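Notes to accompany the following structure.
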Amino acid sequence: MLADQQTKDSCRGNKGSTSRKMAPAALEMNRVMEGVNLISTDFEESDTESEHELDFDPNLEMLWTENGIPRPAFHFTSNSGVQVNILKDVWQIFEYFSDDNLMDIIVRETNRYASQYISSNKDKLKSNSQAKKWFDSNEIRTHIGLLILHSICPKPESKMYFSRQESIGTPFFSKVIGERRFDLLLKFLLFVNNSSINPYINPKIDQSFPVLDLLKKSICQLMYQNKTAIDKSLITWIGRLAWKQYIPSKRRNRFGMKMFTLCESRSDYMYNILVYTGADTENKALYINEPLLRG
């Protein structure tokens with residue numbers, strides 16, 4: 002019994018000495034674990050904060066405040082302001098953007114498409130069909146102007162603009178162009194030859210790319226300014242479109258075509274645009290913004 006008691010005492014002594022030897026290591030381990038717990042707690046708090054930041058209420062108004070150190074302005078060497086003769090009225094402004102180069106493309110491709118339609122439907126068309134009449138540049142300019150008026154005075158159907166009823170009609174349209182002629186132009190209006198489209202430039206907007214490129218050049222050459230900003234805009238579109246965007250932060254129209262625009266800071270004059278057509282837009286950005294980079 003005495004031997005057993007001595008054995009137990011010796012074991013207790015060994016355990017006590019072992020715990021005393023492991024105490025520094027255990028304390029160090031506790032410090033490490035406390036640090037890990039603190040780090041994990043910080044991550045949890047940051048994740049919670051980021052989740053709150055992602056919660057967006059479209060009904061709240063955003064207020065911009067000045068914060069941070071102002072960046073130095075880029076050195077601007079060109080002469081700012083309007084670079085062409087002062088345009089006195091709306092017609093001169095419209096003629097500037099719809100110049101002869103642009104109209105030649107639209108007239109050529111529109112009449113080409115109309116000729117192809119006539120060739121494939123000879124038996125169905127009458128001898129005096131208006132589709133056989135050539136579309137000139139003045140007629141196309143008139144048609145584009147009436148399309149702009151559509152957005153100012155919207156109606157459910159295009160034929161209502163040519164109605165003879167005083168309650169819904171718009172007599173100005175009938176004085177400028179006939180309803181049948183207007184519908185034919187709307188049907189044959191084309192900007193590019195379908196047989197010579199380059200699919201490697203921008204396949205999703207290839208039907209309007211030549212006209213869009215000319216318009217951007219005219220826009221860039223009209224006015225230079227040293228204070229510009231990049232903005233994002235949404236053109237309303239409710240029809241079928243593969244790259245139509247939905248932006249919930251917009252108050253009125255949340256569906257449409259998204260574009261990145263380079264604008265003058267004070268007047269909001271748009272210098273250049275980049276149409277966002279999906280994930281592959283980044284690969285085409287350099288080509289589309291090439292006139293801006295050269296300027």
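For the sequence shown, the working numbering assigns the number 2 to the initial residue and increments by one for each residue that follows. Ideal placement from N, C-alpha and C gives every residue a C-beta, glycine not left out. Keep in mind that this is a model prediction, so the values were computed, not measured.
Secondary structure at residue 230: strand, using DSSP grouped into helix, strand and coil. Separation of the CB atoms of residue 189 and residue 115 is rounded to 4 angstroms, and the pair is thereby assigned contact status at 8 angstroms.
The continuous alpha helix (DSSP H) containing residue 217 extends over residues 210-223. Looking at the DSSP output, residue 154 shares a beta bridge with no other residue. Spatial neighbours of residue 183 in its own chain (CB-CB distance under 6 angstroms, excluding positions within 5 residues in sequence) are not present. For the beta strand (DSSP E) assignment, the uninterrupted runs of no fewer than 3 residues enclosed by the stretch 229-276 are, from N- to C-terminal side, 229-237, 256-265, 271-276. Of all C-beta pairs linking the stretch 225-236 to the stretch 253-262, three or more are shorter than 8 angstroms, placing the two stretches in contact. Under the 10 Å beta carbon count, residue 174 is surrounded by 16 or more other beta carbons and is classified as buried.
Judged by DSSP secondary structure, residue 125 falls outside any alpha helix (DSSP H); it is assigned neither H nor E. Bounds of the alpha helix (DSSP H) holding residue 104 are 101-121.
Rounded to whole angstroms, residue 171 and residue 71 show a C-alpha spacing of 53 angstroms. In chain order, 192, 211, 212 place their CB closer than 7 angstroms to the CB of residue 106, counting only its own chain and leaving out the 5 sequence neighbours on each side. Taking 8 angstroms as the cut-off, the beta carbon of residue 129 is found no closer than this to the beta carbon of residue 217.
The alpha carbon of residue 244 has as its nearest neighbour, out of 281, 270, 131, the alpha carbon of 281.
In this model, residue 223 and residue 86 are separated by some 9 angstroms (Cα to Cα).
Residue 89 and residue 155 have their C-alpha atoms some 28 angstroms from each other. Rounded to whole angstroms, the gap between the alpha carbons of residue 110 and residue 196 is 11 angstroms.
Counting only the Cα atoms, residue 99 lies some 24 angstroms from residue 162. Annotation: the continuous alpha helix (DSSP H) that includes residue 183 extends over 180-189.
Annotation: residue 136 is outside any alpha helix (DSSP H) and is labelled neither H nor E by DSSP.
Nearest in C-alpha terms to residue 144, of all of 168, 104, 158, 125, is 104.
The alpha-carbon separation between residue 207 and residue 250 amounts to approximately 29 angstroms. Here residue 119 really is in contact with residue 132; their C-beta atoms are around 6 angstroms apart, less than 8 angstroms.
For residue 160, no alpha helix (DSSP H) segment is defined, and its DSSP state is neither H nor E.
Annotation for residue 220: 98, 271, 272, 273 place their beta carbon closer than 8 angstroms to its own, counting only its chain and skipping 5 residues before and after. Residue range 172-177 is occupied by the alpha helix (DSSP H) that includes residue 176.
The beta carbon of residue 215 lies closer than 7 angstroms to those of 102, 103 in the same chain, with the five residues before and after it left out. Under the criterion of beta carbons closer than 8 angstroms, residue 228 and residue 265 qualify as touching, at roughly 7 angstroms. For residue 64, the number of other beta carbons within 10 angstroms of its own is below 16, and it is reported as exposed. Check the Cα spacing between residue 136 and each of 165, 150, 178: the tightest is with 178.
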